[in-house]
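Final position of the sequence shown in this note's numbering is 687; the numbers increase by one with none missing.
Right, one structure below, let's go through it.
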Amino acid sequence: MKMRNTMLWILVFFIFNTKTVFSNQNHDKDNHPLAASLAASVNCPNEADAAGRKYLTERMMHSETMFSELRHNIPGLKNLNNKQIMGMMKLMGPNYYWNFDKKDPNQKTGALLLAHGYGKEGDRAFHNSMTDISTNHITTLSLGMSMMTSKHIECALSEIRENGAEKIYIVPISSTPHNTLVQQWEYIFGLRNDHAYTRVKSFQLDDVVFLDPISDHQIAKKIVLDYAQEISINPKNETVVIIAHGPVGETDNELELELMENLAVYVRENGKFNDVRPFTLQDDAPKEIRDENVKQIQQFIENATLDGKKVLMVSNLMSGKGIQRKINEDFSGLDYKFNSKGFLTHPLFKEWILQSIESSDK
326 MKMRNTMLWI LVFFIFNTKT VFSNQNHDKD NHPLAASLAA SVNCPNEADA AGRKYLTERM
386 MHSETMFSEL RHNIPGLKNL NNKQIMGMMK LMGPNYYWNF DKKDPNQKTG ALLLAHGYGK
446 EGDRAFHNSM TDISTNHITT LSLGMSMMTS KHIECALSEI RENGAEKIYI VPISSTPHNT
506 LVQQWEYIFG LRNDHAYTRV KSFQLDDVVF LDPISDHQIA KKIVLDYAQE ISINPKNETV
566 VIIAHGPVGE TDNELELELM ENLAVYVREN GKFNDVRPFT LQDDAPKEIR DENVKQIQQF
626 IENATLDGKK VLMVSNLMSG KGIQRKINED FSGLDYKFNS KGFLTHPLFK EWILQSIESS
686 DK
(Lines of atoms letter the chains of each structure in order from A; the text may use other names.)
(Lines give C-alpha, C1' and ligand atoms only; values in the text may rest on other atoms or scores of the structure.)
Protein backbone atom coordinates (compact mmCIF):
# COMPACT_ATOMS: atom_id res chain seq x y z
CA MET A 326 0.00 0.00 0.00
CA LYS A 327 2.85 2.37 0.84
CA MET A 328 4.49 1.69 -2.51
CA ARG A 329 1.18 2.20 -4.35
CA ASN A 330 0.62 5.57 -2.65
CA THR A 331 4.17 6.63 -3.46
CA MET A 332 3.68 5.73 -7.12
CA LEU A 333 0.44 7.70 -7.21
CA TRP A 334 2.10 10.84 -5.87
CA ILE A 335 4.93 10.44 -8.38
CA LEU A 336 2.43 10.04 -11.20
CA VAL A 337 0.46 13.11 -10.16
CA PHE A 338 3.67 15.13 -10.22
CA PHE A 339 4.57 13.93 -13.69
CA ILE A 340 1.09 14.42 -15.14
CA PHE A 341 0.92 18.11 -14.43
CA ASN A 342 4.59 18.79 -15.20
CA THR A 343 3.76 19.19 -18.88
CA LYS A 344 3.78 21.86 -21.53
CA THR A 345 0.66 22.70 -23.50
CA VAL A 346 0.93 24.53 -26.81
CA PHE A 347 -1.67 27.22 -27.48
CA SER A 348 -2.83 28.17 -30.95
CA ASN A 349 -5.34 30.59 -32.41
CA GLN A 350 -5.93 28.30 -35.36
CA ASN A 351 -8.93 25.99 -35.60
CA HIS A 352 -8.83 22.28 -36.34
CA ASP A 353 -9.68 21.31 -39.86
CA LYS A 354 -13.31 20.27 -39.51
CA ASP A 355 -12.80 17.62 -42.14
CA ASN A 356 -10.73 15.73 -39.57
CA HIS A 357 -13.59 15.47 -37.09
CA PRO A 358 -16.81 13.40 -37.23
CA LEU A 359 -20.12 15.14 -37.68
CA ALA A 360 -22.56 15.10 -34.81
CA ALA A 361 -25.01 12.93 -36.73
CA SER A 362 -22.45 10.18 -37.25
CA LEU A 363 -20.88 10.23 -33.80
CA ALA A 364 -22.98 7.44 -32.35
CA ALA A 365 -22.29 5.16 -35.28
CA SER A 366 -18.53 5.70 -35.11
CA VAL A 367 -17.91 4.19 -31.68
CA ASN A 368 -18.63 0.85 -30.03
CA CYS A 369 -19.95 1.80 -26.58
CA PRO A 370 -20.84 -0.39 -23.57
CA ASN A 371 -24.34 -1.88 -23.71
CA GLU A 372 -24.66 -2.62 -20.01
CA ALA A 373 -24.02 -0.71 -16.79
CA ASP A 374 -23.05 -2.01 -13.36
CA ALA A 375 -25.58 -2.10 -10.51
CA ALA A 376 -25.06 1.60 -9.77
CA GLY A 377 -25.38 2.66 -13.42
CA ARG A 378 -21.68 3.20 -14.24
CA LYS A 379 -20.53 2.25 -17.74
CA TYR A 380 -16.93 1.20 -18.16
CA LEU A 381 -15.00 0.79 -21.39
CA THR A 382 -14.67 -2.98 -21.64
CA GLU A 383 -13.33 -3.30 -25.16
CA ARG A 384 -9.57 -3.77 -25.12
CA MET A 385 -7.99 -0.72 -26.71
CA MET A 386 -4.86 -1.02 -28.79
CA HIS A 387 -2.52 1.90 -28.12
CA SER A 388 -0.09 2.82 -30.88
CA GLU A 389 3.61 3.31 -30.39
CA THR A 390 3.04 6.94 -31.35
CA MET A 391 0.78 7.40 -28.33
CA PHE A 392 3.40 6.00 -25.95
CA SER A 393 5.98 8.30 -27.55
CA GLU A 394 3.68 11.29 -27.00
CA LEU A 395 3.33 10.43 -23.33
CA ARG A 396 7.10 10.17 -22.96
CA HIS A 397 7.48 13.52 -24.69
CA ASN A 398 4.72 15.40 -22.83
CA ILE A 399 5.26 13.88 -19.38
CA PRO A 400 8.98 14.04 -18.57
CA GLY A 401 8.69 11.47 -15.78
CA LEU A 402 7.61 8.80 -18.25
CA LYS A 403 10.54 9.40 -20.57
CA ASN A 404 12.51 6.32 -19.52
CA LEU A 405 9.60 3.92 -18.96
CA ASN A 406 8.70 1.14 -21.36
CA ASN A 407 5.16 0.64 -22.64
CA LYS A 408 4.25 -1.92 -20.01
CA GLN A 409 5.41 0.35 -17.21
CA ILE A 410 3.44 3.27 -18.63
CA MET A 411 0.29 1.16 -18.80
CA GLY A 412 0.84 0.19 -15.18
CA MET A 413 0.95 3.86 -14.25
CA MET A 414 -2.22 4.53 -16.24
CA LYS A 415 -4.01 1.75 -14.37
CA LEU A 416 -3.17 3.39 -11.05
CA MET A 417 -4.99 6.52 -12.23
CA GLY A 418 -8.33 4.70 -12.19
CA PRO A 419 -10.74 4.00 -15.05
CA ASN A 420 -12.21 6.30 -17.65
CA TYR A 421 -15.97 5.77 -17.53
CA TYR A 422 -19.33 7.52 -17.63
CA TRP A 423 -22.35 7.53 -15.36
CA ASN A 424 -25.71 8.86 -16.46
CA PHE A 425 -28.92 9.85 -14.70
CA ASP A 426 -32.37 8.63 -15.64
CA LYS A 427 -34.19 11.10 -17.85
CA LYS A 428 -36.64 12.96 -15.62
CA ASP A 429 -38.83 14.65 -18.22
CA PRO A 430 -39.65 13.21 -21.68
CA ASN A 431 -39.68 16.77 -23.04
CA GLN A 432 -36.07 17.51 -22.05
CA LYS A 433 -34.09 18.66 -25.09
CA THR A 434 -30.81 19.84 -23.53
CA GLY A 435 -27.99 17.75 -22.19
CA ALA A 436 -25.29 18.36 -19.58
CA LEU A 437 -22.02 16.42 -19.70
CA LEU A 438 -19.96 16.98 -16.55
CA LEU A 439 -16.25 16.25 -17.01
CA ALA A 440 -14.18 15.39 -13.94
CA HIS A 441 -10.92 13.56 -13.30
CA GLY A 442 -12.52 11.29 -10.69
CA TYR A 443 -12.38 11.24 -6.89
CA GLY A 444 -12.23 7.55 -6.08
CA LYS A 445 -15.20 5.21 -5.79
CA GLU A 446 -16.78 6.89 -2.78
CA GLY A 447 -15.96 10.38 -3.98
CA ASP A 448 -17.48 9.67 -7.39
CA ARG A 449 -20.64 8.37 -5.72
CA ALA A 450 -20.92 11.53 -3.59
CA PHE A 451 -20.37 13.64 -6.71
CA HIS A 452 -23.06 11.74 -8.61
CA ASN A 453 -25.53 12.11 -5.74
CA SER A 454 -24.89 15.85 -5.49
CA MET A 455 -25.72 16.40 -9.16
CA THR A 456 -29.26 14.99 -9.07
CA ASP A 457 -30.82 18.45 -9.39
CA ILE A 458 -28.98 19.01 -12.68
CA SER A 459 -30.71 15.96 -14.13
CA THR A 460 -34.08 17.48 -13.24
CA ASN A 461 -33.40 20.22 -15.78
CA HIS A 462 -31.16 18.51 -18.32
CA ILE A 463 -30.32 15.04 -19.64
CA THR A 464 -27.22 14.55 -17.50
CA THR A 465 -24.15 12.31 -17.55
CA LEU A 466 -20.87 12.37 -15.64
CA SER A 467 -17.70 11.53 -17.57
CA LEU A 468 -14.85 10.62 -15.23
CA GLY A 469 -11.19 9.92 -15.88
CA MET A 470 -7.99 11.65 -16.95
CA SER A 471 -8.56 11.17 -20.71
CA MET A 472 -4.85 10.63 -21.14
CA MET A 473 -5.01 7.79 -23.68
CA THR A 474 -8.64 7.78 -24.76
CA SER A 475 -11.62 10.04 -25.28
CA LYS A 476 -13.98 7.14 -25.91
CA HIS A 477 -15.77 7.50 -22.55
CA ILE A 478 -16.56 11.11 -23.49
CA GLU A 479 -17.66 10.13 -26.98
CA CYS A 480 -19.93 7.38 -25.63
CA ALA A 481 -21.42 9.74 -23.05
CA LEU A 482 -22.20 12.27 -25.78
CA SER A 483 -23.76 9.57 -27.91
CA GLU A 484 -26.00 8.37 -25.08
CA ILE A 485 -27.12 11.89 -24.16
CA ARG A 486 -28.01 12.48 -27.80
CA GLU A 487 -29.87 9.17 -28.04
CA ASN A 488 -31.94 10.29 -25.02
CA GLY A 489 -33.22 13.26 -27.01
CA ALA A 490 -30.77 16.08 -26.41
CA GLU A 491 -30.58 18.59 -29.25
CA LYS A 492 -27.88 20.69 -27.56
CA ILE A 493 -25.27 19.47 -25.05
CA TYR A 494 -23.42 21.66 -22.54
CA ILE A 495 -19.95 20.50 -21.51
CA VAL A 496 -19.12 21.46 -17.91
CA PRO A 497 -15.44 21.11 -16.86
CA ILE A 498 -15.36 20.40 -13.12
CA SER A 499 -12.22 22.31 -12.22
CA SER A 500 -11.40 25.38 -10.15
CA THR A 501 -9.39 26.86 -13.02
CA PRO A 502 -8.67 26.47 -16.74
CA HIS A 503 -4.94 26.62 -15.98
CA ASN A 504 -4.17 22.89 -15.80
CA THR A 505 -3.36 20.17 -18.29
CA LEU A 506 -6.53 18.16 -17.68
CA VAL A 507 -8.80 21.00 -18.78
CA GLN A 508 -6.45 21.66 -21.68
CA GLN A 509 -6.73 18.00 -22.76
CA TRP A 510 -10.53 18.30 -22.65
CA GLU A 511 -10.33 21.46 -24.72
CA TYR A 512 -8.27 19.58 -27.27
CA ILE A 513 -10.80 16.75 -27.37
CA PHE A 514 -13.56 19.25 -28.20
CA GLY A 515 -11.50 20.98 -30.87
CA LEU A 516 -10.83 24.17 -28.89
CA ARG A 517 -7.04 23.97 -29.19
CA ASN A 518 -4.68 22.46 -31.71
CA ASP A 519 -2.33 20.56 -29.46
CA HIS A 520 -3.00 17.89 -26.86
CA ALA A 521 -1.76 18.00 -23.29
CA TYR A 522 -1.16 14.24 -23.04
CA THR A 523 -1.74 12.23 -26.23
CA ARG A 524 -3.48 12.79 -29.54
CA VAL A 525 -6.69 11.00 -28.64
CA LYS A 526 -9.75 11.28 -30.88
CA SER A 527 -11.12 14.83 -30.96
CA PHE A 528 -14.28 16.27 -32.45
CA GLN A 529 -15.97 19.56 -33.29
CA LEU A 530 -19.71 19.27 -32.95
CA ASP A 531 -22.35 21.84 -33.80
CA ASP A 532 -24.66 20.74 -30.98
CA VAL A 533 -22.03 21.07 -28.21
CA VAL A 534 -21.20 24.13 -26.06
CA PHE A 535 -18.04 23.98 -23.91
CA LEU A 536 -18.45 26.09 -20.78
CA ASP A 537 -15.76 27.78 -18.67
CA PRO A 538 -14.60 26.39 -15.31
CA ILE A 539 -15.91 28.15 -12.20
CA SER A 540 -12.66 30.17 -11.72
CA ASP A 541 -13.58 33.53 -10.09
CA HIS A 542 -17.29 33.38 -10.86
CA GLN A 543 -19.54 35.15 -8.36
CA ILE A 544 -20.65 31.80 -6.98
CA ALA A 545 -17.01 30.76 -6.41
CA LYS A 546 -16.59 33.94 -4.39
CA LYS A 547 -19.68 33.15 -2.31
CA ILE A 548 -18.56 29.58 -1.64
CA VAL A 549 -15.14 30.70 -0.40
CA LEU A 550 -16.79 33.35 1.79
CA ASP A 551 -19.23 30.81 3.22
CA TYR A 552 -16.42 28.42 4.10
CA ALA A 553 -14.46 31.22 5.79
CA GLN A 554 -17.50 32.34 7.77
CA GLU A 555 -18.21 28.77 8.91
CA ILE A 556 -15.02 28.84 10.99
CA SER A 557 -15.02 32.56 11.83
CA ILE A 558 -15.67 34.00 15.28
CA ASN A 559 -14.44 37.60 15.13
CA PRO A 560 -13.74 38.66 11.51
CA LYS A 561 -12.09 41.97 12.42
CA ASN A 562 -9.40 40.04 14.24
CA GLU A 563 -9.02 37.27 11.64
CA THR A 564 -6.76 36.86 8.63
CA VAL A 565 -7.89 34.45 5.90
CA VAL A 566 -5.57 32.36 3.72
CA ILE A 567 -7.11 31.08 0.47
CA ILE A 568 -4.96 28.17 -0.65
CA ALA A 569 -5.03 26.47 -4.05
CA HIS A 570 -3.43 23.41 -5.62
CA GLY A 571 -1.83 25.62 -8.26
CA PRO A 572 -0.30 24.77 -11.66
CA VAL A 573 3.29 23.83 -12.44
CA GLY A 574 4.24 26.61 -14.87
CA GLU A 575 5.00 30.11 -13.66
CA THR A 576 2.84 31.82 -16.30
CA ASP A 577 -0.15 29.68 -15.42
CA ASN A 578 0.58 30.30 -11.75
CA GLU A 579 0.46 34.06 -12.23
CA LEU A 580 -2.87 33.76 -14.03
CA GLU A 581 -4.20 31.54 -11.26
CA LEU A 582 -3.17 34.05 -8.59
CA GLU A 583 -4.95 36.82 -10.51
CA LEU A 584 -8.18 34.81 -10.39
CA MET A 585 -7.69 34.08 -6.72
CA GLU A 586 -7.08 37.72 -5.88
CA ASN A 587 -10.61 38.40 -7.13
CA LEU A 588 -11.87 35.79 -4.67
CA ALA A 589 -9.82 37.39 -1.91
CA VAL A 590 -11.15 40.90 -2.56
CA TYR A 591 -14.73 39.63 -2.35
CA VAL A 592 -14.12 37.71 0.88
CA ARG A 593 -12.30 40.67 2.45
CA GLU A 594 -14.98 43.22 1.57
CA ASN A 595 -18.04 41.09 2.30
CA GLY A 596 -16.70 39.16 5.28
CA LYS A 597 -15.17 42.23 6.95
CA PHE A 598 -12.00 40.29 7.70
CA ASN A 599 -8.77 41.97 8.76
CA ASP A 600 -6.95 40.60 5.72
CA VAL A 601 -7.39 37.93 3.03
CA ARG A 602 -4.47 36.60 1.01
CA PRO A 603 -4.41 34.02 -1.84
CA PHE A 604 -1.61 31.48 -2.25
CA THR A 605 -0.89 28.56 -4.56
CA LEU A 606 1.10 25.53 -3.47
CA GLN A 607 2.06 24.55 -7.04
CA ASP A 608 1.67 21.09 -5.59
CA ASP A 609 3.01 19.23 -8.64
CA ALA A 610 5.92 21.57 -9.35
CA PRO A 611 9.51 20.60 -8.58
CA LYS A 612 10.10 20.22 -4.85
CA GLU A 613 12.10 23.41 -4.49
CA ILE A 614 9.24 25.49 -5.95
CA ARG A 615 6.61 23.90 -3.74
CA ASP A 616 8.83 24.17 -0.69
CA GLU A 617 9.34 27.89 -1.32
CA ASN A 618 5.57 28.43 -1.59
CA VAL A 619 4.99 26.53 1.65
CA LYS A 620 7.68 28.62 3.33
CA GLN A 621 5.98 31.85 2.21
CA ILE A 622 2.62 30.69 3.55
CA GLN A 623 4.17 29.56 6.82
CA GLN A 624 5.81 32.96 7.22
CA PHE A 625 2.54 34.74 6.48
CA ILE A 626 0.71 32.66 9.11
CA GLU A 627 3.45 33.23 11.68
CA ASN A 628 3.49 37.00 11.08
CA ALA A 629 -0.30 37.25 11.37
CA THR A 630 -0.20 35.26 14.61
CA LEU A 631 2.54 37.48 16.03
CA ASP A 632 0.36 40.46 15.12
CA GLY A 633 -2.37 39.03 17.33
CA LYS A 634 -4.61 37.80 14.52
CA LYS A 635 -6.38 34.46 14.27
CA VAL A 636 -5.61 32.72 10.97
CA LEU A 637 -8.33 30.92 8.98
CA MET A 638 -7.61 28.79 5.92
CA VAL A 639 -9.99 27.86 3.09
CA SER A 640 -9.44 26.66 -0.47
CA ASN A 641 -10.93 26.58 -3.97
CA LEU A 642 -10.30 22.84 -4.33
CA MET A 643 -13.08 20.81 -5.93
CA SER A 644 -12.87 17.81 -3.60
CA GLY A 645 -12.58 17.85 0.17
CA LYS A 646 -10.37 14.76 0.13
CA GLY A 647 -7.49 15.71 -2.14
CA ILE A 648 -4.32 17.43 -0.98
CA GLN A 649 -5.84 18.54 2.32
CA ARG A 650 -3.84 15.89 4.20
CA LYS A 651 -0.61 17.30 2.79
CA ILE A 652 -1.70 20.82 3.71
CA ASN A 653 -2.22 19.76 7.31
CA GLU A 654 1.28 18.30 7.31
CA ASP A 655 2.79 21.42 5.73
CA PHE A 656 1.49 23.71 8.44
CA SER A 657 1.57 21.39 11.41
CA GLY A 658 2.48 23.25 14.60
CA LEU A 659 1.19 26.62 13.39
CA ASP A 660 -1.84 28.31 14.95
CA TYR A 661 -4.57 28.30 12.32
CA LYS A 662 -8.01 26.82 11.61
CA PHE A 663 -8.63 25.01 8.30
CA ASN A 664 -12.01 24.45 6.65
CA SER A 665 -11.08 21.60 4.32
CA LYS A 666 -14.37 21.41 2.41
CA GLY A 667 -14.29 21.38 -1.40
CA PHE A 668 -16.59 23.19 -3.80
CA LEU A 669 -18.47 20.03 -4.83
CA THR A 670 -20.21 19.68 -1.47
CA HIS A 671 -21.52 23.26 -1.42
CA PRO A 672 -25.17 23.65 -2.52
CA LEU A 673 -24.27 26.66 -4.65
CA PHE A 674 -21.97 24.63 -6.88
CA LYS A 675 -24.84 22.97 -8.70
CA GLU A 676 -26.46 26.40 -8.99
CA TRP A 677 -23.33 27.57 -10.80
CA ILE A 678 -23.74 24.71 -13.29
CA LEU A 679 -27.39 25.57 -13.91
CA GLN A 680 -26.65 29.29 -14.23
CA SER A 681 -23.75 28.65 -16.62
CA ILE A 682 -25.96 26.58 -18.88
CA GLU A 683 -28.80 29.10 -18.73
CA SER A 684 -26.58 32.10 -19.47
CA SER A 685 -24.93 30.26 -22.37
CA ASP A 686 -28.34 29.36 -23.78
CA LYS A 687 -29.43 33.00 -24.17
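The beta-carbon is built from N, C-alpha and C at its ideal position, and this holds for glycine as well.
As the structure is a prediction and not an experimental result, all values here were calculated from the model.
Item	Value
Compare the C-alpha of D448 against each of V601, R378 and L402 and name the closest.	R378
Go ahead and pull the three-state DSSP assignment for S467.	strand
For the beta strand (DSSP E) that contains A436, what are its first and last residues?	T434 to A440
Could you tell me which residues DSSP puts in a beta bridge with M638?	V566 and F663
Which whole-angstrom value is the C-beta distance of L606 and I568, which I expect to be below 8 Å?	7 Å
Using only alpha-carbon positions, find the residue among I622, R615, T670 and L659 that is nearest to L642.	T670
What are the boundary residues of the alpha helix (DSSP H) that N453 is part of?	G444 to S454
DSSP state of R524, grouped into three classes?	coil
For E563, which option in P603, A629, Y421 and V534 has the closest C-alpha, if you only look at C-alpha atoms?	A629
Anyone know if the C-beta pair for D541 and L584 falls short of 8 Å?	yes
From A436, K526, G574 and S459, pick the residue whose C-alpha is nearest to that of M472; which is it?	K526
With DSSP as the reference, identify every bridge partner of D600, one or two as the case may be.	T564
Assign E617 to one of two classes, buried (16 or more other C-beta atoms within 10 Å of its C-beta) or exposed (fewer than that).	exposed
Measuring CA to CA, which of K445, S454, A545 and K612 is closest to L689?	Because residue 689 is not part of the residues shown, which for the chain are 326 to 687, the question remains open.
Is it buried or exposed, S467, if we count other Cβ atoms within 10 angstroms and call 16 or more buried?	buried
Can at least three beta-carbon pairs, one atom from the segment 404 to 420 and one from the segment 451 to 465, be found at a separation below 8 Å?	no
Going by DSSP in three states, V573 sits in which element: helix, strand or coil?	coil
By the DSSP assignment, the alpha helix (DSSP H) with K415 in it spans what residues?	N407 to L416
Along the alpha helix (DSSP H) that carries F392, what are the first and last residues, could you check?	E389 to N398
Since I493 is in the beta strand (DSSP E), which residue starts that stretch and which ends it?	K492 to P497
T501 bridges to which residues according to DSSP?	Looking at the DSSP assignment, T501 forms no beta bridge with any residue, so it has no partner.
Would you call the segment 643 to 650 in contact with the segment 596 to 604, where contact means no fewer than 3 C-beta pairs closer than 8 Å?	no
Who are the near neighbours of I463 in its chain, counting only those whose CB is closer than 6 Å to its CB and skipping five residues on each side?	K427, Q432, G435, I485, N488 and A490
D609 and V636 - do their beta-carbons sit closer together than 8 Å?	no
Per DSSP, what kind of secondary structure is K379 in: helix, strand or coil?	strand
Based on the DSSP secondary-structure assignment, which residues constitute the bridge partners of F674?	Bridge partners of F674: none, in fact.
Is the beta carbon of A521 less than 8 Å from the beta carbon of Q508?	yes
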